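Chemist: Below you will find the structure I want to go over with you.
Residue numbers (this note's numbering), protein chains in the order written: chain A, 363 to 805; chain B, -18 to 504.
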């Protein structure tokens, strides 16, 4: 990966070429990345590899006309050609009506989410860890499949107006699916962290194996509306659709779940359980984010939902200028938390008279953007709970459920401690009503 | 309405740009010539030789360059014109029966030696964990060059011509009263692939894809309601002639009318319906329920942690009923225009065509050189693919298609006899479980069928079924004249995730008594 000096020097070179070719404004980014993985199934490693790449992107404006190119060749000739080609594209493009001048000099804190141990993963140590995982699976007579990934990147950005920034980030993740030999039980567990040493593959394997064994021989129940407990993973599987709707422009244009009648938005409405809040914080200790938005606005802690009220929609620079708003300093991550004392998962189960315990969801898709109705299926661990005790595994179910209704004030019963499921910190939840529409035979 | 339009029309529309040079030159690596080819061959040879020296029993390398051009617009403005290029090499080695892989964006002999060292070290570390050694099916040694079929290279077409096409498309949709928004895109992909193996194969291929798309939206601001109508997913392995020959403007106008009608359409009444599914929707159903369930790596559990397994078991080929006897499904990597069409796969196996389901019986799998021996087959069907030089190649789907009836059967003939049914067109929301049993599909446009005739549009409908029952309920398939090939450009699978472009051909088909849901929610 490139150092700050190396990456910014490349940026300056491309900027100089762009200016020489006639660019009036420009932004150049140089991202170097290294990624490694080991994938296993059938109790052996199936694929494993390492790759490195470089992406140089230049966007220029000439008479407010825009052109953009990217490539991965850092040779002197290629850098000049990349900039020249962007300028040529700009010259033949129409005026870019959403042009906003690039940012000038700004101060940024260093990113906190990078460690060398993740960038330079020790292949031998990883093999030993996976050996433990596979042994755990063999001893439990389950078939283990999963993946261990490490990624690291360094990104430098320079604008013609003097903005300079450089951030590094790393991410390690491990997920494991254990399947019983008779094919009737399956369990999944996952963990991620910016420091690979914090990803405990052995513990993830034990959780997956336990879920597989406990989920053997599930029996069907009637589809319908039930109280459910969503483990944190299941909440994370749905959360992307909620945060994807927080864009102000879509809401202003009347095509978002946060659009209201007569051209208004739902800002300020108490739409969610009053204990729920959603914020973004680049300095979060467990889930640090890049301390700048993609557009370069220095990222700050921002609250999007406070005590159930939709407090903020996000404005990128153009839409902020159009609507006379300030560009939103985020989000760079999504932290869902409760304002009141937390209910750990075992307590949630004890407090459930009749309902389902859900491990995770699969193939979740947005069916109705007006109310964020999603469809998808439960997977790798679904149990019937009665009188506060897990009674038996049940067959997987397909759901059709609005996220807005799921998190509504009348529906949330209990909120647990949040855990990292990048890019989210999410809690397990118990909700009063969750709607399933059919049975799946899949294990 | 004219199916396409000329540059003159564009200039007359007032959107035209300054005339002049309109095709900026591409980077040197795309000026294919002896110098570039010689460096590439030397790096590949060096990587293979070094891998062998370090103990690899087999090695192969892909030295690939890609270029993409993307133009995005919304309403009457251009949002983005961008080009990207990527060049690099990925080496795969087999050591002590275990795989290792290493890739870099630097293509030279010194980097090739470094990659060989990295890939062999990874393979050796993993070999200790291998309960079973990888054995490859035999393959022919191939020295060949192959280029996908196209008549007009999209990278030679002036950018202003492409911009004019998209702006005219938008204008046509916006001219329909009630249309609030339209976005459109043109994505062009050019892959130059070089493959070399330690067994002596040397293959050069070029693949060109053209992908126009648009979405219309109608919003009722007073009621706070909105609907969208996307274009059918129409990426193809063809050149720019696709933009010029297909009636895109007619399609845009129709999309405008349909999205406005959809906003006013009555919600569907849930229940059991006989449904006729148009190729523009059925292709996606084939993709999810047939394409993925017949992947052998899934049946063997390789995808258990991500895409999932399959309801088909490794011993099922030749013994398990998949659907009604009229159902015949074919895998084909040589189908003209198919996104998964190729000359050779990413381990040098020639494009193949074979039956997956014949007379309703499941008869064969999708395989690679590693997978074929695991079900007792001597040869691979050629399904290995990597989406980038930096990605580890693994099993990916060929074009999988439903064969048409042997005689002509029209759409109206499929409608006849249906008292209460639905006709489903276009891409809607899709979701299917991890063993490919339970699925739910929406559509872009859904209309009632009443007493054998097409009726009013309905909204908020999705059909939901179980793969074996769905294909067993098929009792009518359109004839050869109604066969269409549609595709998807971003099919996800694997970890780390990779995307694959793949097409599916089919005529419309009729399915009896399928469960239909009303998917509208309230908050």
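Virtual Cβ for every residue (Gly too), placed ideally from N, Cα, C. Fair warning: this is a prediction, and the values are worked out from it, not measured in the lab.
Please return the same chain residues whose Cβ sits closer than 6 Å to the Cβ of residue 180 of chain B, not counting the five positions on each side in sequence.
Modeler: 122
Chemist: Taking 7 Å as the cut-off, is the CB of residue 350 of chain B close to at least one heavy atom of the ligand NAP?
Modeler: This structure does not include the ligand NAP; it has no bound ligands of any sort.
Chemist: Quick one: what does DSSP say residue 107 of chain B is sitting in, helix, strand or coil?
Modeler: helix
Chemist: Against chain A, with Cβ distances strictly below 8 Å, would residue 31 of chain B count as a contact?
Modeler: no
Chemist: Only counting the same chain, and skipping five residues up and downstream in sequence, which positions put a Cβ closer than 6 Å to that of residue 498 of chain B?
Modeler: Scanning its chain for C-beta atoms nearer than 6 Å, with the 5 sequence neighbours on each side dropped, one finds around residue 498 of chain B the residues 251, 443 and 445, in chain order.
Chemist: Taking the alpha helix (DSSP H) that residue 637 of chain A belongs to, which residues open and close that run?
Modeler: That residue, residue 637 of chain A, is in no alpha helix (DSSP H); it is neither H nor E in DSSP.
Chemist: Pull the bridge partners of residue 480 of chain B from the DSSP assignment, please.
Modeler: B/473
Chemist: Strictly under 8 Å for the Cβ-Cβ distance: is residue 435 of chain A near chain B by that measure?
Modeler: Closer than 8 Å to some Cβ of chain B, the Cβ of residue 435 of chain A qualifies, so yes.
Chemist: Nearest to residue 371 of chain B by alpha carbon, out of A/364, A/602, A/395 and A/791?
Modeler: Per the Cα distances, A/395.
Chemist: Using DSSP with H/G/I as helix, E/B as strand and the rest coil, what is residue 522 of chain A?
Modeler: coil
Chemist: Below 8 Å CB to CB, which residues in the same chain sit around residue 430 of chain A once its five sequence neighbours on both sides are set aside?
Modeler: 419, 420, 421, 422, 448 and 451
Chemist: Less than 8 Å between CB atoms is the rule here; does residue 730 of chain A satisfy it with respect to chain B?
Modeler: yes
Chemist: For my contact list, residue 694 of chain A and residue 647 of chain A are in at a C-beta cut-off of 8 Å; report their separation, rounded to the angstrom.
Modeler: Not quite, the Cβ-Cβ distance comes to about 14 Å (not below 8 Å), so this is no contact.
Chemist: Within the continuous beta strand (DSSP E) that includes residue 189 of chain B, where are the two ends?
Modeler: Residue range 183 to 201 is occupied by the beta strand (DSSP E) that includes residue 189 of chain B.
Chemist: When Cβ atoms are compared, which residues of the segment 84 to 103 of chain B fall closer than 8 Å to chain A?
Modeler: 84, 85, 86, 99, 100, 102 and 103
Chemist: Just grab the DSSP bridge partners of residue 242 of chain B for me.
Modeler: Residue 242 of chain B pairs with nothing; no bridge assigned.
Chemist: Helix, strand or coil for residue 117 of chain B? Go by DSSP, reduced to three states.
Modeler: coil
Chemist: Report yes or no: do the segment 424 to 443 of chain B and the segment 176 to 191 of chain B share at least 3 C-beta pairs separated by less than 8 Å?
Modeler: no
Chemist: Beta-carbon separation of residue 524 of chain A and residue 536 of chain A under 8 Å?
Modeler: no
Chemist: My assumption, with CB atoms under 8 Å, is that residue 508 of chain B sits in contact with residue 244 of chain B. Please give the rounded CB distance.
Modeler: Because chain B in this structure spans residues -18 to 504, residue 508 of chain B falls outside the shown range and cannot be described.
Chemist: Check for me: the alpha helix (DSSP H) holding residue 763 of chain A runs from which residue to which?
Modeler: Not the alpha helix (DSSP H): residue 763 of chain A falls in the beta strand (DSSP E), residues 759 to 764.
Chemist: Taking only runs of the beta strand (DSSP E) that begin and end inside the segment 684 to 759 of chain A, which ones reach a length of at least 3 residues, in chain order?
Modeler: Qualifying beta strand (DSSP E) stretches, in chain order: 696 to 700, 716 to 730, 735 to 748 and 751 to 755.
Chemist: Is there a Cβ from chain A that is less than 8 Å from the Cβ of residue 60 of chain B?
Modeler: yes
Chemist: Is the beta carbon of residue 70 of chain B closer than 8 Å to that of residue 43 of chain B?
Modeler: yes
Chemist: Relative to chain B, which residues along the segment 705 to 727 of chain A have a C-beta separation below 8 Å, given in chain order?
Modeler: 724, 725, 726 and 727
Chemist: How would you write the range of the alpha helix (DSSP H) that residue 140 of chain B sits in, first residue to last?
Modeler: It spans 140 to 155 - the alpha helix (DSSP H) in which residue 140 of chain B sits, taken as one unbroken run.
Chemist: Any chance the segment 508 to 524 of chain A sits against the segment 377 to 388 of chain A, with 3 or more Cβ pairs inside 8 Å?
Modeler: yes
Chemist: How far does the alpha helix (DSSP H) with residue 499 of chain A in it extend, from its first residue to its last?
Modeler: 485 to 501
Chemist: Do you know whose CA, among A/480, A/491 and A/539, lies nearest residue 512 of chain A's CA?
Modeler: A/480
Chemist: Scan the segment 461 to 477 of chain B for residues whose Cβ lies nearer than 7 Å to a Cβ of chain A and list them as they occur along the chain.
Modeler: 476 and 477
Chemist: Tell me residue 174 of chain B's beta-bridge partners as DSSP assigns them.
Modeler: B/45 and B/186
Chemist: Nearest-angstrom Cα distance between residue 399 of chain B and residue 255 of chain B?
Modeler: 7 Å
Chemist: In chain B, which residues lie less than 7 Å from residue 819 of chain A when you measure between Cβ atoms?
Modeler: Because chain A here runs from 363 to 805, residue 819 of chain A falls outside it and cannot be looked at.
Chemist: Is the CB of residue 357 of chain B under 8 Å away from at least one CB in chain A?
Modeler: no
Chemist: Between which two residues does the beta strand (DSSP E) holding residue 550 of chain A run?
Modeler: Segment 548 to 555, the beta strand (DSSP E) holding residue 550 of chain A.
Chemist: Using only alpha-carbon positions, find the residue among B/210, B/135, B/162 and B/53 that is nearest to residue 188 of chain B.
Modeler: B/135
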